[in-house]
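full-length UniProt numbering numbers the first residue of the sequence shown as 1 and each following residue consecutively. We put the CB at the ideal spot given by N, CA and C, even for glycine. Note that the structure is predicted; figures quoted are calculated from it, not measured.
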Amino acid sequence: MSEQDGFPSKRPRLDRDQALITNNNSEPENRLSSEVVVAGCSNSLQLCEQSRSVPRNCAVETEAPIGHPVPTLSNQGDAAKSPTNQRQRTDLGMAEGDAIPHVDHQKSTVKNTNSTSPSLSRDDTEETDEHTPTQSSTANEMTDSNKAANRKSEQPANETAASPVAEVVPVDRSVAMKFLQIEANLCETLRDLVFRDPVTHLYNPLDYARETHKDYVMKYCCSRKDVLFLGMNPGPFGMAQNGVPFGDTTFVKNFLKISGKVNPPALQHPKRPITGLDCTHSEVSGTRFWGLFSTLCETPENFFRRCFVHNYCPLVFMTKTGKNVTPPSLHVTQREPLLSACDTALVEVIRLLQVKTVVGVGRFAQERAQYALKTAGLDIPVLFIMHPSPINPQANKGWAAQMMVEFEKLGIMRYLVVPQSTG
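This is the structure in structure tokens:
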């Protein structure tokens, strides 16, 4: 690598705040610190003292980095020539918009039901971040969704009584702390995995965006959940920036009310800088995803009272040119250990939250959840909904309207729409 390419001329050396613990007997060619640029990694995992009310075997609230995976890869070969790059498309290409239809919260019916959700291939989950030609209709969709999020943020306190009111759900902070510990354990397992060409850079937002991620978990994962919406892995302008699944910045700040400092990792891809909650690049999938639920549920509390959103894999993989590499695109020898670790963590999350139904956002997430649960001997239904990625042509034909119909068919609308309070 050369300085002209935007990469250091020498192999990066991670300092104490960025390097990961490795075995003293490890071979340099099989450890990430010798060959791969890794961002957002820490050399230790420190947990705060447990409360006396938390059992000994419970996880504790983490103040130190949540995780620190260590991949290793060979820089031999040209990533741009890899066949896996053919799987990469655009995260921000825009086509026809999908304006969110009106929902009657009294009757829980959908006004716009002209679209149906088609059966899609694996590619519906593979989001990347290159630009493709855009159309004004999708631009209008983005603008309308962001305006909706801003309106919810600016709503006066005396107007909130008009919002649907959900039943009170007991808050148990130990659930959130156990969830964070599951993630910490996963990252500990992932730290020694080996990733080679075409992967040259790897981000772990559970580390460098741990404050905002922890705020998300502590706010919205403090009770059991009937439905778990499962994504694949962080998008480059969403969770990769702020640690929140499908984390379009506007909705993360204005609808979910997430705050916290994101410490940009020292070792970043020059084309994929981390700017945290200051990111101005919209995550189209996140705008569609949270835009729909902000309309259906009106408040995050109404949504999270019975649902939660989680990503199957916490890592972001990039090529030398900054293109996104999705987990299914990895070479089988690199992919299988990753999937095995993520399967184990997913089952632990489902058991912790006592999930009744898993909804895979895209085929990959659905298939991994089905496999993990079957392997664990758990008989929990796993449903499928179309991924909102703009690389999926069907998602550009009114994703929100299609999902409203699909939620009714799948029987999960009852978990989402809250009747208006009669008081």
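Would a C-beta distance cut-off of 8 Å place residue i and residue j closer than the cut-off?
| i | j | result |
| --- | --- | --- |
| Arg306 | Lys225 | yes |
| Val359 | Phe229 | yes |
| Pro388 | Arg288 | yes |
| Val262 | Glu211 | yes |
| Val199 | Phe317 | yes |
| Gly238 | Gly291 | no |
| Phe364 | Ser294 | no |
| Gly235 | His269 | no |
| Val169 | Asn302 | no |
| Pro245 | Asn311 | yes |
| Ile391 | Thr357 | no |
| Ile380 | Val349 | no |
| Ser223 | Val284 | no |
| Leu353 | Phe304 | no |
Quick check: what's the CA-CA separation for residue i versus residue j?
| i | j | result |
| --- | --- | --- |
| Pro327 | Ala345 | 16 Å |
| Pro205 | His331 | 23 Å |
| Leu339 | Tyr371 | 10 Å |
| Lys253 | Leu277 | 7 Å |
| Pro300 | Gln241 | 20 Å |
| Leu256 | Tyr216 | 8 Å |
| Gly247 | Ile274 | 13 Å |
| Tyr220 | Pro314 | 18 Å |
| Glu188 | Tyr415 | 34 Å |
| Glu126 | Asn233 | With a pLDDT of only 42 at Glu126, under the threshold of 50, the placement of this residue in the model should not be trusted, and no figure is reported. |
| Gly243 | Gly231 | 13 Å |
| Ile385 | Met403 | 7 Å |
| Ala395 | Glu406 | 13 Å |
| Val347 | Leu296 | 28 Å |
| Asn158 | Ala209 | Annotation note: pLDDT 39 at Asn158 (below 50); position unreliable, no value reported. |
| Trp399 | Thr319 | 29 Å |
| Phe179 | Ala341 | 15 Å |
| Cys279 | Val325 | 21 Å |
| Lys214 | Arg335 | 27 Å |
| Met177 | Met218 | 8 Å |
| His281 | Val361 | 22 Å |
| Leu378 | Arg351 | 9 Å |
| Lys397 | Pro337 | 36 Å |
| Thr333 | Asp343 | 16 Å |
| Val227 | Arg173 | 19 Å |
Quick one: is residue i buried, meaning 16 or more other Cβ sit within 10 Å of its Cβ, or exposed?
| i | result |
| --- | --- |
| Asp192 | buried |
| Thr249 | buried |
| Asp207 | buried |
| Val171 | exposed |
| Asp197 | buried |
| Arg272 | buried |
| Leu368 | Looking at the sequence itself, residue 368 is Arg, so the reference to Leu does not match. So Arg368 ends up on the buried side. |
| residue 432 | With the chain running from 1 to 423 in the structure shown, residue 432 is simply not present. |
| Ser119 | Bear in mind that the predicted position of Ser119 carries a pLDDT of just 34, short of 50, making it unreliable; the figure below should be weighed with that in mind. So Ser119 counts as exposed. |
| Thr375 | exposed |
| Leu202 | buried |
| Leu190 | buried |
| Leu373 | buried |
| Leu267 | buried |
| Leu186 | buried |
| Ser259 | exposed |
| Glu298 | buried |
| Ala401 | buried |
Residue i lies in the alpha helix (DSSP H); which residues open and close that run?
| i | result |
| --- | --- |
| Leu352 | Val332 to Leu353 |
| Phe308 | Unbroken run through Phe308 is the beta strand (DSSP E), Cys307 to Asn311; no alpha helix (DSSP H). |
| Gly291 | Val284 to Cys297 |
| Thr189 | Arg173 to Leu190 |
| Ile405 | Per the sequence shown, the amino acid found at residue 405 is Val instead of Ile. First-last of the alpha helix (DSSP H) with Val405: Trp399 to Leu410. |
| Pro300 | Pro300 to Phe304 |
Note the first and the last residue of the continuous beta strand (DSSP E) segment covering residue i.
| i | result |
| --- | --- |
| Tyr203 | His201 to Tyr203 |
| Met318 | Val316 to Met318 |
| Thr357 | Thr357 to Val361 |
Compare the C-beta of residue i with all C-beta atoms of chain D and state if any pair is closer than 8 Å.
| i | result |
| --- | --- |
| His201 | In the structure shown, chain D does not exist; there is a single protein chain. |
Practice prompt. Quick one: which unbroken beta strand (DSSP E) runs of 3-plus residues sit fully inside the stretch 219-275? Chain order, please.
Written response: Every unbroken stretch of the beta strand (DSSP E) spanning 3 or more residues and falling wholly within the stretch 219-275 is given here in chain order: 227-231.
Discussion item. Restricting to runs no shorter than 3 residues, where is the beta strand (DSSP E) found entirely within the stretch 366-395?
Written reply: Uninterrupted beta strand (DSSP E) stretches at least 3 residues long and entirely within the stretch 366-395 occur at 382-385, given in chain order.
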